[in-house]
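Engineer: In our numbering, the protein residues as written are 359 to 916.
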């Protein structure tokens, strides 16, 4: 900053010297700062959607993000951008029609039916209760409490000696003070209690029983014949079953207590209700089927042969459900925060629901984040099972494939979240760009993302004869395929020039001491820009580290 002040104070004295050196080095200095002002009427491109819903990701496009809202006509992106700028981030999700982009059930399909006259009418929502009851884990906490305690207990199990595992009596969890009747069965809302399976009588066990605590295991005599490592492996595989039962219980609360609440639904629009819960109901159904298959394997023999093959069988469905759900989580959180601030009816209804004993003092947000927590947890559980499995075991191959499949799901979830963040950033930034008389370009393009941005100063020359130099403040936005040079005015950016990157961008080191320039100066060449011919500009960054970062990125290095 001190250097900047010094330059400005001594600007008039050094102008002549700078001009002399620049003329000598570049020739006609005016070519450095020539901008051709083109008066063009450019409109934002409209957004369309070809209806494809194949992977839960955004449709690829060469020049714009294609989308539509339900079956209505195409939306003008300028309207969407103005809405985002005025009303906040959540409106982005509405404008981008995320239900179609993420391949989850559309709210109009989910909550409406068509009568004989072709008019949409509300229909009663199908009951999504949990019909399966665990045979081996009859008492278990919500998954939120389960994860909190297991994180510490499993760490202790892994660090302890294997012989200690044999005498360990079970993992106890914070279930809170409840009556015997409350702790003897999963806590569901009285009106939504799930029926017990008539053919299965649950085994009375302590909360979150270990495999070795099951009556069937004790009766089999296996504990005396197995090695400590084999018992540890059985406990690790049984942990997958126990944690899935806990997860399914929490999903049951999310679906049957929150999602199915008519009082809560009346405080929301159909679209808000859809975005809030996304496809959590199919996720619950998938979890129930997964747990059934795991317990069926345990029912075949208390000595669990393997679980990798079962995970592998369900991995494809998990991918189709979890990737769009996790990708949508950013909008879930934004919507909840907005509703808490702006919708009093929603707040009142939500607080009443959260105060119900079935929630165990957990709020709605903790239930909505469950799928992301679970899919990452499954990978860790499988990796732990792999460590305990003998290398020459037949189950190794399926286990390794299952880990790879779950890892791919987690990776695609992360990619989906990043992609949506990039799109949100582009839409919000486009609302702040003013192309003025410079030819406008659509900023929201599939595959584009912001690489770097920041302020700097540009050397300019005033007058043809007796010219003097000065510095103006500019702001650069560098994307992976575009460079925009602007002047920042209040909170908006008045675009001065832009060009394709990296095809038409080149940077060059300068010798500031020879040219009598600030030390953190560099030369930027645009081989093609909005002035109609090649342009060269001298920029000055605030610090040396800024200069090095900009030169590296503008050179195409990441």
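Even for Gly, the Cβ is constructed at its ideal location relative to N, Cα and C.
Look at the alpha carbon of residue 774 and the alpha carbon of residue 654, and state the distance between them as a whole number of angstroms.
Structural biologist: Distance between the alpha carbons of residue 774 and residue 654 is about 34 Å.
Engineer: Say whether the stretch 760 to 771 touches the stretch 823 to 843, bearing in mind that this needs 3 or more beta-carbon pairs closer than 8 Å, one atom from each stretch.
Structural biologist: no
Engineer: Is the beta carbon of residue 855 closer than 7 Å to that of residue 887?
Structural biologist: yes
Engineer: Run the CB neighbour count on residue 805, radius 10 Å, all protein chains shown included, and call it buried at 16 or more, exposed below.
Structural biologist: exposed
Engineer: Give me, in chain order, the residues of the same chain whose beta-carbon lies closer than 6 Å to that of residue 544; leave out the 5 immediate sequence neighbours on both sides.
Structural biologist: Because the pLDDT at residue 544 is just 33, under 50, the model does not fix this residue reliably, and the value given afterwards should be weighed accordingly. Counting only Cβ-Cβ distances below 6 Å, and skipping sequence neighbours, we find 607.
Engineer: Checking 7 Å against the spacing of the C-beta atoms, do residue 863 and residue 845 come in under that value?
Structural biologist: Not a contact, by the Cβ cut-off of 7 Å.
Engineer: Just checking my contact of residue 715 with residue 604 at CB under 8 Å: how many whole Å lie between their CB atoms?
Structural biologist: No, residue 715 and residue 604 are not in contact; Cβ-Cβ is about 17 Å, not under 8 Å.
Engineer: Under DSSP, the alpha helix (DSSP H) around residue 623 begins and ends at which residues?
Structural biologist: Residue range 620 to 623 is occupied by the alpha helix (DSSP H) that includes residue 623.
Engineer: May I have the straight-line CA-CA distance separating residue 701 from residue 734, to the nearest angstrom?
Structural biologist: Answer to the nearest angstrom: the Cα atoms are 33 Å apart.
Engineer: Less than 7 Å between the C-beta atoms of residue 730 and residue 684, yes or no?
Structural biologist: yes
Engineer: Considering only the beta carbon of each residue, do residue 860 and residue 914 sit closer than 7 Å?
Structural biologist: yes
Engineer: What are the boundary residues of the beta strand (DSSP E) that residue 816 is part of?
Structural biologist: Per DSSP, residue 816 belongs to the beta strand (DSSP E) from 808 to 820.
Engineer: Could you tell me whether the Cβ atoms of residue 843 and residue 834 are closer together than 7 Å?
Structural biologist: yes
Engineer: Buried or exposed: which applies to residue 609, given that a residue is buried once 16 or more other Cβ atoms fall within 10 Å of its Cβ?
Structural biologist: Buried, since its Cβ has 16 or more Cβ neighbours within 10 Å.
Engineer: At which residues does the beta strand (DSSP E) containing residue 858 begin and terminate?
Structural biologist: 850 to 858
Engineer: Helix, strand or coil for residue 617? Go by DSSP, reduced to three states.
Structural biologist: helix
Engineer: Could you pull the start and end residues of the alpha helix (DSSP H) that residue 734 belongs to?
Structural biologist: 728 to 746
Engineer: Could you check the C-alpha separation between residue 955 and residue 617 for me, to the nearest Å?
Structural biologist: There is no way to answer for residue 955, as the model of the chain reaches only from 359 to 916.
Engineer: Taking only the alpha-carbon atoms, compute the straight-line gap between residue 841 and residue 853 and give it to the nearest angstrom.
Structural biologist: 11 Å
Engineer: Once you ignore the five residues that flank residue 793 on each side, which residues in its own chain have a CB closer than 6 Å to its CB?
Structural biologist: 853
Engineer: By how many angstroms is the C-alpha of residue 613 removed from the C-alpha of residue 711?
Structural biologist: So the two alpha carbons sit approximately 12 Å from each other.
Engineer: Given 8 Å as the limit, is there contact between the stretch 869 to 884 and the stretch 893 to 907, that is, 3 or more CB pairs closer than that?
Structural biologist: yes
Engineer: Measure from the alpha carbon of residue 678 to the alpha carbon of each residue in 662, 802, 644, then state which is nearest.
Structural biologist: 644
Engineer: Quick one: using the 10 Å Cβ neighbour count with 16 as the cut-off for buried, is residue 706 buried or exposed?
Structural biologist: exposed
Engineer: Under a Cβ-count criterion, where at least 16 other Cβ atoms within 10 Å of its own Cβ denotes burial, should residue 627 be classed as buried or exposed?
Structural biologist: exposed
Engineer: Around the C-beta of residue 872, are 16 or more other C-beta atoms found within 10 angstroms, so that it is buried, or is it exposed?
Structural biologist: exposed
Engineer: Only counting runs of 4 or more residues, tell me where the alpha helix (DSSP H) segments fall wholly within the stretch 841 to 906, in order along the chain.
Structural biologist: 870 to 873
Engineer: Under 7 Å between the Cβ atoms of residue 636 and residue 686?
Structural biologist: yes
Engineer: Rounded to whole angstroms, what is the Cα-Cα separation between residue 621 and residue 703?
Structural biologist: Rounded to the nearest whole angstrom, the CA to CA distance from residue 621 to residue 703 is 9 Å.
Engineer: If we ignore side chains and look at the alpha-carbon of each, how far apart do residue 756 and residue 662 end up?
Structural biologist: 14 Å
Engineer: Look up residue 910 in the DSSP assignment and say whether it is helix, strand or coil.
Structural biologist: helix
Engineer: Excluding the 5 residues preceding and the 5 following residue 721 in the sequence, name in chain order all residues of the same chain whose CB lies nearer than 6 Å to its CB.
Structural biologist: 712
Engineer: Just to confirm, are residue 902 and residue 878 a CB contact at a threshold of 7 Å?
Structural biologist: Yes, these two residues count as a Cβ contact at 7 Å.
Engineer: Over the uninterrupted alpha helix (DSSP H) stretch that includes residue 685, give me the two end residues.
Structural biologist: 666 to 700
Engineer: With the cut-off set at 7 Å, would you say residue 788 and residue 801 are in Cβ contact?
Structural biologist: yes
Engineer: Quick one: using the 10 Å Cβ neighbour count with 16 as the cut-off for buried, is residue 570 buried or exposed?
Structural biologist: buried
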